[in-house]
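For what it's worth, my numbering labels the leading residue of the sequence shown as 24, then goes sequentially. Report on the structure given below.
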Amino acid sequence: MSRKVFVSVLGTGFYASCKYVSVKNDFVSSETRFIQQATLELIGAKTWSDKDKVLFLLTEKAKITNWDKSITKRKKYPEAKEEESYESLESLIAKMSLPFEASFRDIPDGKDEDEMWQIFGTIFEELQEGDELYFDVTHSFRYLPMLVLVLNNYAKFLKNMTTKHISYGNYEARNKVTNEAPIVDLLPLSLLQDWTFAAADYIKNGNAKQIANLSMDKVTPVMKETQGKDNKAASVRRLVNDLACFVDTMTTCRGLDIYHGGKINNVILALNEVDKDFIKPFSPIIKKIEESFSCFSGKESGGLAIAAARWCFNNKMYQQAVTILQEGVVTFFCQRHNLNIKVEEERKNVNSAFYILSLKQRGELYAEDILSIVETILADEYLKDKNIVADFVKLNKIRNDVDHSGMREDPKTSKSIISNIEKCLDSFEKILFYGIDRGVGIDFNNAMLINLSNHPFSSWSTKQHQAAEVYGECIDLPFPAINPSWNEEQIEKLSSEYFDKVIAMGSGHKQVTVHLMGELTFCFSLLRKLQRAGIRCVASCAQRNVEEAPDGVKRVIFAFENFREYVCG
Numbered sequence: 024m025s026r027k028v029f030v031s032v033l034g035t036g037f038y039a040s041c042k043y044v045s046v047k048n049d050f051v052s053s054e055t056r057f058i059q060q061a062t063l064e065l066i067g068a069k070t071w072s073d074k075d076k077v078l079f080l081l082t083e084k085a086k087i088t089n090w091d092k093s094i095t096k097r098k099k100y101p102e103a104k105e106e107e108s109y110e111s112l113e114s115l116i117a118k119m120s121l122p123f124e125a126s127f128r129d130i131p132d133g134k135d136e137d138e139m140w141q142i143f144g145t146i147f148e149e150l151q152e153g154d155e156l157y158f159d160v161t162h163s164f165r166y167l168p169m170l171v172l173v174l175n176n177y178a179k180f181l182k183n184m185t186t187k188h189i190s191y192g193n194y195e196a197r198n199k200v201t202n203e204a205p206i207v208d209l210l211p212l213s214l215l216q217d218w219t220f221a222a223a224d225y226i227k228n229g230n231a232k233q234i235a236n237l238s239m240d241k242v243t244p245v246m247k248e249t250q251g252k253d254n255k256a257a258s259v260r261r262l263v264n265d266l267a268c269f270v271d272t273m274t275t276c277r278g279l280d281i282y283h284g285g286k287i288n289n290v291i292l293a294l295n296e297v298d299k300d301f302i303k304p305f306s307p308i309i310k311k312i313e314e315s316f317s318c319f320s321g322k323e324s325g326g327l328a329i330a331a332a333r334w335c336f337n338n339k340m341y342q343q344a345v346t347i348l349q350e351g352v353v354t355f356f357c358q359r360h361n362l363n364i365k366v367e368e369e370r371k372n373v374n375s376a377f378y379i380l381s382l383k384q385r386g387e388l389y390a391e392d393i394l395s396i397v398e399t400i401l402a403d404e405y406l407k408d409k410n411i412v413a414d415f416v417k418l419n420k421i422r423n424d425v426d427h428s429g430m431r432e433d434p435k436t437s438k439s440i441i442s443n444i445e446k447c448l449d450s451f452e453k454i455l456f457y458g459i460d461r462g463v464g465i466d467f468n469n470a471m472l473i474n475l476s477n478h479p480f481s482s483w484s485t486k487q488h489q490a491a492e493v494y495g496e497c498i499d500l501p502f503p504a505i506n507p508s509w510n511e512e513q514i515e516k517l518s519s520e521y522f523d524k525v526i527a528m529g530s531g532h533k534q535v536t537v538h539l540m541g542e543l544t545f546c547f548s549l550l551r552k553l554q555r556a557g558i559r560c561v562a563s564c565a566q567r568n569v570e571e572a573p574d575g576v577k578r579v580i581f582a583f584e585n586f587r588e589y590v591c592g
């Protein structure tokens, strides 16, 4: 059984007597000068075992003013003439008849960094593997409440501890009529840190385990109490379960599950249906999860596989990324030539086409019936682009290097492998999602051009209107007014808002292109977000013509020529 440990810092003040109350727990303490006594009553320390522990942290001054049992009187103020009756905390704790002996440790005043680490080490040394922690931070001076929160996370990670209670006795907010002061529950601050780490683990590493655990801690009691009938709790449970299944699909490279899109669509549907306010810290995290799934927007089958590779790469799952990407490219060409994506021999036909093109010779490699299928693939308009062949060969080499742990001649460095995976991803996304030339491979009935510029679509020239037709229906998203005095953080925040607007506008379209022109720092910030999400961005290219009037006044006319895609090298 886990050991329970209560930790509190004792202050030096002359504390007035009151009763401490917790409305949440329907609790009223004995009348006392010390919040420590009230908190021990609140957490039920009298029912603890003799293996449990209460630890008071005492500075030298706290020891002689508030701890030592020999204290019976104190002056309320240093300038007071007479002393008042005053019972010490040590004496009061002894009268509580706790089933264990209360202990204390000396700590310094904490006046510098060395003393801060000394206090930290003192507490940490007292803790054991698997302890349940109970903190009172009422009289923790200066930075100690923050130190307790940091220590709390440190101990949870290194000693597998759980925090059951953090509280603060707010004497200043007492009811002066009843002389009752509230005990403020600070445990949500610890839980918020847990949510922060859980969110970071998903966003940076694609690990949804902690999010699921924290969500179910909240959901399970509600579902049990309502016999599974609480729709809000059920929607959260459905989302975390679907998210966990999706992550497992990615980490185990389940290509058919990715191709059919079931696990991906389940998460997207659950995101649309979840009650975002059921768990307060969960709401911003849901937004981040939605952003991480934007790369799947408008994709299907083979396109989903390539988007899945991007998701894995973004979450540092490099082996999964290269595996899913290569198989996704093969799947893409299998679909184009009506080959069964589940049949190994038919998938080999696609690989053979790339192999032949890379060698630039057919030779006597294949039987006639197989060669005819390969010949059809070789005639594919996509394979006219030499880059796609070169990138596929490069991808194959990377995958072999990774799968064989570099146990081969000329193994690549990890930096080189990561860089080349990203380059291949960028290349295949541009070619396979948007075609080898503008408009090739785009489903115009489901395509959309979002015009994010200072010039509405209605003001464009006929030539620009015609050039825009290949991107589908054009919808204006007015360019924001940007204050030149804004700093980088404000620009970044605004670009995040407009990223969300683009995602919302593009929902339901298979291909989304953004015409992005305007203030440079904003455009650059937004461009990076959109490209990471697999959204194509283009700029208007114009001829600058200068006309000079008879009076010497020069007039500049910009004549639209074409759209050019933003390409990041």
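Even glycine gets a Cβ: it sits at the ideal position worked out from N, Cα and C.
Hey, could you find the ends of the beta strand (DSSP E) residue i is sitting in?
{"i": "residue 284", "result": "Careful: residue 284 lies outside any beta strand (DSSP E) and carries neither H nor E."}
{"i": "residue 76", "result": "76-81"}
{"i": "residue 352", "result": "Residue 352 -> not in any beta strand (DSSP E); alpha helix (DSSP H) instead, spanning 341-359."}
{"i": "residue 277", "result": "Per DSSP, residue 277 belongs to no beta strand (DSSP E) and is neither H nor E."}
{"i": "residue 538", "result": "534-539"}
{"i": "residue 157", "result": "155-159"}
{"i": "residue 496", "result": "496-499"}
{"i": "residue 126", "result": "126-129"}
Taking 7 angstroms as the cut-off, decide whether the C-beta atoms of residue i and residue j are in contact.
{"i": "residue 375", "j": "residue 353", "result": "no"}
{"i": "residue 57", "j": "residue 97", "result": "no"}
{"i": "residue 111", "j": "residue 90", "result": "yes"}
{"i": "residue 406", "j": "residue 336", "result": "no"}
{"i": "residue 256", "j": "residue 235", "result": "no"}
{"i": "residue 328", "j": "residue 444", "result": "no"}
{"i": "residue 560", "j": "residue 539", "result": "yes"}
{"i": "residue 537", "j": "residue 454", "result": "no"}
What residue does the alpha helix (DSSP H) around residue i start on, and which one ends it?
{"i": "residue 217", "result": "210-228"}
{"i": "residue 233", "result": "232-248"}
{"i": "residue 182", "result": "From DSSP, residue 182 is part of no alpha helix (DSSP H); its letter is neither H nor E."}
{"i": "residue 260", "result": "254-274"}
{"i": "residue 470", "result": "Careful: residue 470 lies outside any alpha helix (DSSP H), inside the beta strand (DSSP E) at 470-475."}
{"i": "residue 379", "result": "367-382"}
{"i": "residue 137", "result": "136-149"}
{"i": "residue 45", "result": "No alpha helix (DSSP H) contains residue 45, which is instead part of the beta strand (DSSP E) from 42-45."}
{"i": "residue 29", "result": "Per DSSP, residue 29 belongs to no alpha helix (DSSP H); it is in the beta strand (DSSP E), 27-32."}
{"i": "residue 58", "result": "58-65"}
Helix, strand or coil for residue i, going by three-state DSSP, please let me know.
{"i": "residue 436", "result": "coil"}
{"i": "residue 187", "result": "strand"}
{"i": "residue 428", "result": "coil"}
{"i": "residue 362", "result": "coil"}
{"i": "residue 52", "result": "coil"}
{"i": "residue 586", "result": "strand"}
{"i": "residue 415", "result": "helix"}
{"i": "residue 503", "result": "coil"}
{"i": "residue 461", "result": "Confidence at residue 461 is low in this model, with a pLDDT of 40, below 50, so the placement of that residue is unreliable and no value is reported for it."}
{"i": "residue 200", "result": "coil"}
Evaluate residue i with the Cβ neighbour count: other Cβ atoms within 10 Å of its Cβ, from every protein chain shown; 16 or more gives buried, anything less gives exposed.
{"i": "residue 430", "result": "exposed"}
{"i": "residue 487", "result": "buried"}
{"i": "residue 100", "result": "exposed"}
{"i": "residue 412", "result": "buried"}
{"i": "residue 19", "result": "The shown model of the chain, from 24 to 592, leaves out residue 19, and the question about it has no answer."}
{"i": "residue 584", "result": "exposed"}
{"i": "residue 465", "result": "Per-residue confidence for residue 465 stands at a pLDDT of 48, beneath the threshold of 50, marking its modelled position as unreliable; the derived number appears in the next sentence. With 16 or more Cβ atoms within 10 Å of its Cβ, residue 465 is classed as buried."}
{"i": "residue 463", "result": "Annotation note: pLDDT 43 at residue 463 (below 50); position unreliable, no value reported."}
{"i": "residue 305", "result": "buried"}
{"i": "residue 326", "result": "buried"}
{"i": "residue 80", "result": "buried"}
{"i": "residue 113", "result": "buried"}
{"i": "residue 422", "result": "buried"}
{"i": "residue 280", "result": "buried"}
{"i": "residue 144", "result": "exposed"}
Going by C-alpha distance, which of the options is nearest residue i?
{"i": "residue 287", "options": "403, 274, 302 and 270", "result": "270"}
{"i": "residue 511", "options": "531, 502 and 549", "result": "549"}
{"i": "residue 50", "options": "40, 62 and 39", "result": "62"}
{"i": "residue 241", "options": "263, 282, 223 and 227", "result": "263"}
{"i": "residue 70", "options": "35, 39 and 27", "result": "27"}
{"i": "residue 83", "options": "215, 133 and 238", "result": "133"}
{"i": "residue 598", "options": "203, 209 and 176", "result": "Outside the shown range of the chain (24 to 592) lies residue 598, about which nothing can therefore be said."}
{"i": "residue 272", "options": "81, 332, 292 and 126", "result": "332"}
{"i": "residue 185", "options": "301, 334 and 24", "result": "24"}
{"i": "residue 158", "options": "146, 554 and 531", "result": "146"}
{"i": "residue 414", "options": "442, 404, 438 and 446", "result": "446"}
With a threshold of 7 angstroms between beta carbons, is residue i in contact with chain D?
{"i": "residue 188", "result": "No chain D is part of this structure, which consists of one protein chain only."}
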